[in-house]
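Heads up, the thing below is written out as structure tokens.
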Amino acid sequence: MQVKLLSYTQNPKAVIYACARQCYSKLSAYNIYVKKEKLSKRFKEFIAHLIERGHLSPLEHVSFTFSIEGISRICTHQLVRHRIASYSQQSQRYVDMENFNYIIPPTIKKNKEAKKVFLEVITIIREKYRELKEILGKEKTLDREKLNQDLRFILPQAVETKIVVTMNCRELLHFFSERLCLRAQWEIRALAYKMFSLCKRILPEVFSFAGPKCKRMGFCPEKAFDCPLFPDKLDKKK
Ligand SMILES: Cc1cc2nc3c(=O)[nH]c(=O)nc-3n(C[C@H](O)[C@H](O)[C@H](O)COP(=O)(O)OP(=O)(O)OC[C@H]3O[C@@H](n4cnc5c(N)ncnc54)[C@H](O)[C@@H]3O)c2cc1C
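This is how it looks when you write it as structure tokens:
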């Protein structure tokens, strides 16, 4: 999995600060922004205060855009459920999926027998994809897009895909609270962790508040006895 930062809002700290301060000031956000107040030392405190009060809209004015590749459609299906974001995904209609790449889950990868079965299935799907392509390719009414859009029905969920996602800081904090959970599915968790690491490098004051939601709540909302952080003691007695 490769996750690269394509872009992010310029001067993110100054933008968040100006947007938040303007709410309580006679000055416009622009005037506060151009004054370039020195805020580096107190910025983390300032963010903590906003988060504590639930005054989160200033965080929405700064966003991050990621280019993601080497992940499965299973992972992107979970990712795109997060609605306060923008996505652009590689099409299986315009891009030929013959000889598609795929993602192998670690449990299957490390088990020789399981890996063999997995790879057999991939080989069969690739063969049948080509076979179907040849059969349907003879139909004059089907152009390449029409052909691809139906051929993709036999692709596995493990198929590799590429996607661009843009999220603002508020949504990123929410996304991390759900997907950095130690019990989250391994691939979306790995993706969330890579995105989190990039964000934290740019804006540590904001993303030091990121983490699985149990850390904020002080218990595992899934009431899981196997939660490494907050195991549910009642459940363990069952
Ligand atoms: C542990 C776990 C298990 C899951 N299991 C399943 C499952 O079995 N089946 C399944 O279908 N999905 C499942 N999901 C996906 C889940 O239901 C959400 O679709 C996904 O987490 C997106 O997050 P969200 O809705 O909180 O927030 P986002 O879409 O990221 O939006 C952020 C926030 O904006 C607000 N918001 C956004 N849109 C609306 C709206 N229309 N109305 C009101 N408020 C809104 C909410 O406060 C929301 O929390 C699971 C998620 C997790 C974390």
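Its first residue numbered 646, the sequence shown is counted upward by one per residue in my numbering. In this text, a Cβ means the ideal position worked out from N, Cα and C, and glycines have one as well. All values reported here derive from a predicted model rather than from experimental measurement.
The Cβ neighbour count for R775, taken over all protein chains shown within 10 Å, is under 16; the residue is labelled exposed. Each residue's CA atom was taken as its position, placing D741 and K778 some 11 Å apart. Contact annotation: the segment 648-665 touches the segment 695-706, with at least three C-beta pairs closer than 8 Å. Checking the 7 Å criterion, the Cβ of R728 is within range of a heavy atom belonging to ligand 1. Put simply, the backbone Cα of V766 is about 41 Å away from that of K860.
Taking 7 Å as the cut-off, one finds at least one heavy atom of ligand 1 near enough to the beta carbon of E823. Residue range 647-653 is occupied by the beta strand (DSSP E) that includes Q647. With contacts defined as CB atoms closer than 8 Å, V809 and Y739 fail to qualify as a contacting pair. If you look at M840, you'll find it in the alpha helix (DSSP H) that goes 831-847. For Q734, the uninterrupted beta strand (DSSP E) run begins and ends at 730-734, by DSSP.
One Cα belongs to E714, the other to Y675, and the distance between them is close to 37 Å. Non-local C-beta neighbours of Q734 in its own chain, meaning closer than 6 Å and more than five positions away in sequence, comprise I808, ordered along the chain. Setting aside the 5 residues that flank it on each side, K754 is surrounded in the same chain by K760, each with a C-beta closer than 8 Å to its C-beta; the list follows chain order.
Collapsing the DSSP output to three states places V740 in coil.
Fewer than three Cβ pairs drawn from the segment 791-804 and the segment 823-841 lie within less than 8 Å of each other, which leaves the two stretches out of contact. Residues of the same chain with a CB within less than 6 Å of the CB of K649, apart from the 5 flanking positions on each side, are S712 in chain order. Judged by DSSP secondary structure, F709 falls within the beta strand (DSSP E) whose first and last residues are 708-717. M646 is a Cβ neighbour of L836, given a cutoff of 8 Å. Between the segment 781-798 and the segment 813-828 there are fewer than three C-beta pairs closer than 8 Å, too few to call the two in contact. Exposure of T768 is indicated by the presence of fewer than 16 other C-beta atoms within 10 angstroms of its C-beta. Burial check for N813: the Cβ neighbour count within 10 Å reaches 16 or more, so the residue is buried. In the DSSP assignment, N813 falls outside any alpha helix (DSSP H) and lies within the beta strand (DSSP E) extending over 805-813. Bridge partners of Y747 according to DSSP: V804.
In the DSSP assignment, V725 falls outside any alpha helix (DSSP H) and carries neither an H nor an E. The Cβ atoms of I748 and S708 lie no closer than 8 Å to each other.
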